[in-house]
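Student: Chain order of the listed sequences is G and B. Following the numbering used here from start to finish, the first sequence increments by one per residue and tops out at 144. Following the numbering used here from start to finish, the second sequence increments by one per residue and tops out at 1144.
There are 2 protein chains.
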Amino acid sequence: MRVPPTTLPAEPTHARRFGKARTAQASAVLEDYAELIADLLASEGEARPTDIARRLGVSHATAIKAISRLKREGLATARPYRGVFLTEAGERLAARVRERHRLVVDLLVALGVPAEAAEQDAEGIEHHVSDATLAAFSRFLKAR
Amino acid sequence: MRVPPTTLPAEPTHARRFGKARTAQASAVLEDYAELIADLLASEGEARPTDIARRLGVSHATAIKAISRLKREGLATARPYRGVFLTEAGERLAARVRERHRLVVDLLVALGVPAEAAEQDAEGIEHHVSDATLAAFSRFLKAR
DNA sequence: TGATATTTGTAGCCTAGGCTACATTTTTCG
DNA sequence: CGAAAAATGTAGCCTAGGCTACAAATATCA
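Rendered as structure tokens:
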């Protein structure tokens, strides 16, 4: 059964949506790293690759490669054997990620999701929440 | 400032959550493909790699490689130049993904997210929603 | 039919994000 | 101090998911 191509829209219907989702996810890991580094700097006074790796459950080699990407993106700096630091851009990113994470968790909990599952799901969900959706979450939480 | 390692928990605090999110995302793309193939089979009677690629906004080579992964995972079959078909497992996956997608979109809309943004965000969010969270979404939608 | 279009498939390259294994540097402590 | 332990960095390998370029098969139509 061969259908003439005209029955399929020339404009890629899903493309815009899917494309967005893909590239968004590319930076998801860096967002996690930035957030964790900020946490460690606040709570421990320093963020060492080994601690970062342990907290994320990856090998230290993996963490170091990710840190290299952070540096390349201008989000972090590091002095060998002296830990990792965030640039201003990195701090801003971390703050935004933390705030967004909190909001997503709060929303899930408000909807009746058990705290444990809420934390876990938020980790994956938060990277795909647009500003519009975030605003809606915020309004909903305030309104109730 | 070197802090004794004992101040950091031996158990990787974030590891469980992050690890889950990562491997979950590995199958996200295959879920998208399965859903789209089911759509095409229903609406067009066949699912050809070229149409799949156009709808997803990727090159046909990329689509073909993803289809190979689907076959390897036992989710799809394909006869050269005769399109792609879903196995029973593939059909089940597609049905689950479609249902989940609808639920996520409905929830976002119910929370006041504009339809356009809801569709877009759902594409990324849906792959990270656990059964517990899905159930909560469902309850919330019914209750209002 | 036969030339042209389209579709499909293959090959090779890239980056991200994982890993292990090994080498090096720094810190700790007897 | 100097040896052992810990942390760091490097090299090399893997898969997923993208891409372009080229080759081959199939459809279309003059």
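Glycine residues also receive a C-beta, built at the ideal position from the N, C-alpha and C atoms. The structure displayed is predicted, hence computed values, not measured ones.
Report the three-state DSSP secondary structure of L1075(B) (helix, strand or coil).
Tutor: Counted from its first residue, the second sequence places residue 1075(B) at position 75. Coil.
Student: Based on DSSP bridge pairs, tell me the residues matched to F1085(B).
Tutor: Locating residue 1085(B) in the second sequence gives position 85, counting from the first residue. According to DSSP, which records beta bridges pairwise, F1085(B) is partnered with T1077(B).
Student: 8 Å is my cut-off, CB to CB: does L108(G) come that close to chain B?
Tutor: The count along the first sequence starts at 1 and reaches residue 108(G) at position 108. Yes, contact with chain B.
Student: Any heavy atom of the ligand FMN closer than 7 Å to the CB of H1127(B)?
Tutor: Ligands are entirely absent from the displayed structure, and the ligand FMN is therefore not among its contents.
Student: Is it true that the CB of L1086(B) sits closer than 8 Å to the CB of A1078(B)?
Tutor: For the purposes of this step, residue 1078(B) is taken as residue 78 along the second sequence, with counting starting at 1. For the purposes of this step, residue 1086(B) is taken as residue 86 along the second sequence, with counting starting at 1. No, these two residues do not count as a Cβ contact at 8 Å.
Student: Output, in chain order, the set of chain B residues within a Cβ distance shorter than 8 Å of S130(G).
Tutor: Looking up residue 130(G) in the first sequence gives position 130. Using a Cβ-Cβ cut-off of 8 Å, S130(G) is close to A1117, Q1120, D1121 of chain B, given in chain order.
Student: With three or more C-beta pairs closer than 8 Å as the rule, is the segment 1037-1054 of chain B touching the segment 1092-1109 of chain B?
Tutor: The segment 1092-1109 of chain B vs the segment 1037-1054 of chain B: in contact.
Student: Would you tell me roughly how many angstroms separate the C-alpha atoms of A118(G) and H127(G), rounded to the nearest one?
Tutor: Working through the first sequence from its first residue, we reach residue 118(G) at position 118. Working through the first sequence from its first residue, we reach residue 127(G) at position 127. In a straight line, the C-alpha of A118(G) is about 14 Å away from that of H127(G).
Student: Just to confirm, is the Cβ distance from V105(G) to A122(G) under 8 Å?
Tutor: In the first sequence, counting from the first residue as 1, residue 105(G) sits at position 105. In the first sequence, counting from the first residue as 1, residue 122(G) sits at position 122. Cβ distance < 8 Å, so V105(G) and A122(G) count as in contact.
Student: Check whether the Cβ atoms of G1057(B) and A1076(B) lie closer than 8 Å to each other.
Tutor: Counting from one through the second sequence, the residue named residue 1057(B) turns up at place 57. Counting from one through the second sequence, the residue named residue 1076(B) turns up at place 76. Going by C-beta atoms, G1057(B) is not nearer than 8 Å to A1076(B).
Student: Output yes if chain B places a C-beta closer than 8 Å to the C-beta of T133(G); else output no.
Tutor: Against the first sequence, residue 133(G) aligns to sequence position 133. By this cut-off, T133(G) is an interface position.
Student: Does the beta-carbon of R1054(B) have 16 or more other beta-carbons within 10 angstroms, so that it is buried, or is it exposed?
Tutor: Sequence index remark: in the second sequence, residue 1054(B) carries index 54 (1-based). The residue in question, R1054(B), is buried, as its Cβ has 16 or more Cβ neighbours within 10 Å.
Student: Please compile the residues from chain B whose C-beta is within a distance smaller than 7 Å of the C-beta of F140(G).
Tutor: In the first sequence, the residue the question calls residue 140(G) occupies position 140. Think of a sphere of 7 Å around the beta carbon of F140(G): the chain B residues whose beta carbon falls inside it are L1111, G1112, in chain order.
Student: Rounded to whole angstroms, what's the CA-CA distance from V109(G) to G1045(B)? Just pull it up for me.
Tutor: As a first step, residue 109(G) is located in the first sequence; it is residue number 109 there, counting from the start. As a first step, residue 1045(B) is located in the second sequence; it is residue number 45 there, counting from the start. Approximately 42 Å between the Cα atoms of the pair.
Student: So that I know if they touch, is there some Cβ in chain B lying closer than 8 Å to that of G74(G)?
Tutor: Here residue 74(G) corresponds to residue number 74 of the first sequence, with the count starting at 1. Closer than 8 Å: no.
Student: Which value, in whole angstroms, describes the spacing of the CA atoms of E73(G) and A34(G)?
Tutor: The residue labelled residue 73(G) in the question sits at position 73 within the first sequence. The residue labelled residue 34(G) in the question sits at position 34 within the first sequence. Computed Cα separation, rounded: 11 Å.
Student: Let me know the secondary structure DSSP gives V104(G) once reduced to three states.
Tutor: Residue mapping note: residue 104(G) aligns to position 104 of the first sequence, counting from 1. Looking at V104(G) - three-state DSSP - the assignment turns out to be helix.
Student: Leaving out the 5 sequence neighbours to the left and right, which residues in its chain are closer than 7 Å to R48(G) when beta-carbon positions are compared?
Tutor: Against the first sequence, residue 48(G) aligns to sequence position 48. Correct list, in chain order: G83.
Student: Between the Cα of R139(G) and those of L107(G), V129(G), A42(G), spot the shortest distance and give me the residue it belongs to.
Tutor: Locating residue 139(G) in the first sequence gives position 139, where the first residue counts as 1. Among L107(G), V129(G), A42(G), the Cα nearest to that of R139(G) is on L107(G).
Student: List the residues of chain G whose Cβ lies closer than 8 Å to the Cβ of F1137(B), in chain order.
Tutor: The residue you call residue 1137(B) lines up with position 137 of the second sequence. Here the neighbours are L111.
Student: If we count the other Cβ atoms within 10 Å of its Cβ and call it buried at 16 or more, is A1066(B) buried or exposed?
Tutor: For the purposes of this step, residue 1066(B) is taken as the residue at position 66 of the second sequence. By the neighbour-count rule (16 or more Cβ atoms within 10 Å), A1066(B) is buried.
Student: Label E1031(B) either buried or exposed according to how many other C-beta atoms from any shown protein chain fall within 10 Å of its C-beta, with 16 as the threshold for buried.
Tutor: Walking along the second sequence from the start, residue 1031(B) turns up at place 31. Under this definition E1031(B) is a buried residue.
Student: Near I125(G), what residues of its chain come up, given a Cβ to Cβ distance below 6 Å and the 5 sequence neighbours on each side ignored?
Tutor: For the purposes of this step, residue 125(G) is identified with residue 125 of the first sequence, where counting begins at 1. Cβ within range, chain order: V104.
Student: Have a look at A61(G) and T50(G) and give me their C-alpha separation to the nearest angstrom.
Tutor: For the purposes of this step, residue 61(G) is taken as the residue at position 61 of the first sequence. For the purposes of this step, residue 50(G) is taken as the residue at position 50 of the first sequence. Whole-angstrom Cα-Cα distance: 9 Å.
Student: Using a 10 Å radius around the Cβ and a threshold of 16 neighbouring Cβ atoms, would you call S130(G) buried or exposed?
Tutor: In the first sequence, residue 130(G) corresponds to position 130, counting from 1. Under this definition S130(G) is a buried residue.
Student: Within its chain, find whatever has a CB closer than 6 Å to the CB of F137(G); leave out the 5 residues flanking it on each side and keep chain order.
Tutor: For the purposes of this step, residue 137(G) is identified with residue 137 of the first sequence, where counting begins at 1. So the list reads L103, L107, once near-sequence residues are dropped.
Student: Is I125(G) close to chain B? Criterion is C-beta to C-beta, closer than 8 Å.
Tutor: Indexing the first sequence from 1 puts residue 125(G) at position 125. So, interface residue.
Student: Are there 16 or more other CB atoms within 10 angstroms of the CB of A1063(B), so buried, or fewer, so exposed?
Tutor: Counting from 1 along the second sequence, the entry for residue 1063(B) is found at position 63. A1063(B) is buried by the Cβ-count criterion.
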